[in-house]
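Written below as structure tokens is the structure these notes are about.
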């Protein structure tokens, strides 16, 4: 029997690791968090794009492990706030505005119905020594006029994906994991791994 492909997920966000494990369930891939591998790394994400930030995290983590490293950088872009904003600054934007809860409340008041999108960019390093592969997932939608749902995290309670009339946070984890930006990037990655016979 073929051994499962081991991949280290370069994030300190346990929510992300949990989401990815649910999406990868059923595939011959075993995901390890930084915590699982006792890796302590938190590089400064000073890139100008999702791809640059994802690479910074993957590169820093790869110094501590010999297995392939998967990193993602993701964010929400809200048209009413400007071009690609907050985008790569999504996490910092929430912190600067007093935390996620306060920021979400401000956004539903200020940006209700504005077009928005979630973007996730994955970088997979060292599948073969020194190799790099990039994958991206995008979900289009709009900002809700109310904060809804107890599921998800981050901006999920204020984002209504196209084709739905409820926020991502109102969906079950299974539903979310079949439409999310991370799901779309994950499927692109898994298709690549299957096509190239890694799994």
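In the working numbering, the protein residues as written are 188 to 386.
Virtual Cβ for every residue (Gly too), placed ideally from N, Cα, C.
Classify residue 324 as helix, strand or coil using the three-state DSSP reduction. Working through the chain shown from its first residue, we reach residue 324 at position 137. DSSP places residue 324 in strand when its eight states are reduced to three.
If we require 3 or more residues per run, which beta strand (DSSP E) segments fall completely within the region 327–373? 346–348
As an exercise, report each continuous beta strand (DSSP E) stretch of at least 3 residues that is fully enclosed by the region 226–313, in chain order. 256–265, 302–312
Return the Cβ separation of residue 228 and residue 248 in integer angstroms, given the expectation that the two are a contact with Cβ distance under 8 Å. As a working note, residue 228 is residue 41 in the chain shown. As a working note, residue 248 is residue 61 in the chain shown. Indeed, because the Cβ distance is near 5 Å, the residues count as touching under 8 Å.
Could you check whether residue 359 and residue 338 sit closer than 9 Å to each other, using their CB atoms as the reference points? Within the chain shown, residue 338 is the residue found at index 151, counting from 1. Within the chain shown, residue 359 is the residue found at index 172, counting from 1. Yes, the pair counts as a contact, with Cβ atoms nearer than the cut-off.
Quick check: what's the CA-CA separation for residue 340 versus residue 313? Stepping through the chain shown from its first residue, residue 340 is reached at position 153. Stepping through the chain shown from its first residue, residue 313 is reached at position 126. Between residue 340 and residue 313, the C-alpha separation is close to 30 Å.
C-beta atoms of residue 219 and residue 254 nearer than 9 Å: Translated into positions along the chain shown, residue 219 becomes position 32. Translated into positions along the chain shown, residue 254 becomes position 67. Yes, Cβ-Cβ distance for residue 219 and residue 254 is below 9 Å.
Say whether the region 301–312 touches the region 234–250, bearing in mind that this needs 3 or more beta-carbon pairs closer than 8 Å, one atom from each stretch. yes
Does the region 287–303 come within contact of the region 257–265, defined as at least 3 CB pairs closer than 8 Å? yes
What does the Cβ neighbour count give for residue 324, buried or exposed, with the cut at 16 atoms within 10 Å? Within the chain shown, the letter at position 137 stands for residue 324. The residue is buried, with at least 16 neighbouring Cβ atoms inside 10 Å.
Exposed or buried, residue 274, counting other C-beta atoms within 10 Å across all chains shown (16 or more means buried)? Here residue 274 refers to the residue found at position 87 when the chain shown is read from its first residue. When all chains shown are included, residue 274 counts as buried.
Helix, strand or coil: how does DSSP classify residue 386 here? By 1-based counting over the chain shown, the position of residue 386 is 199. Coil at residue 386, not helix or strand.
Ignore the nearest five residues each way along the sequence and tell me which others in residue 290's own chain have a CB closer than 6 Å to its CB. The residue labelled residue 290 in the question sits at position 103 within the chain shown. Here the set comprises 281, 284.
Closest residue to residue 251 among 217, 196, 297, 208 (Cα-Cα distance): Locating residue 251 in the chain shown gives position 64, where the first residue counts as 1. Ranking the options by Cα distance to residue 251, first place goes to 196.
Hey, how far is the Cα of residue 297 from the Cα of residue 383? Position 110 of the chain shown, counting from 1, holds the residue named residue 297. Position 196 of the chain shown, counting from 1, holds the residue named residue 383. If I take the Cα positions, the gap works out to 46 Å.
Pull the bridge partners of residue 192 from the DSSP assignment, please. Taking the first residue of the chain shown as position 1, residue 192 is located at position 5. In the DSSP output, where bridge partners are listed per residue, residue 192 has 216.
Would you decide whether residue 235 is buried or exposed? Buried here means 16 or more other CB atoms lie within 10 Å of its CB. As a position in the chain shown, residue 235 is number 48, starting the count at 1. Counting Cβ neighbours within 10 Å, residue 235 comes out exposed, since fewer than 16 surround it.
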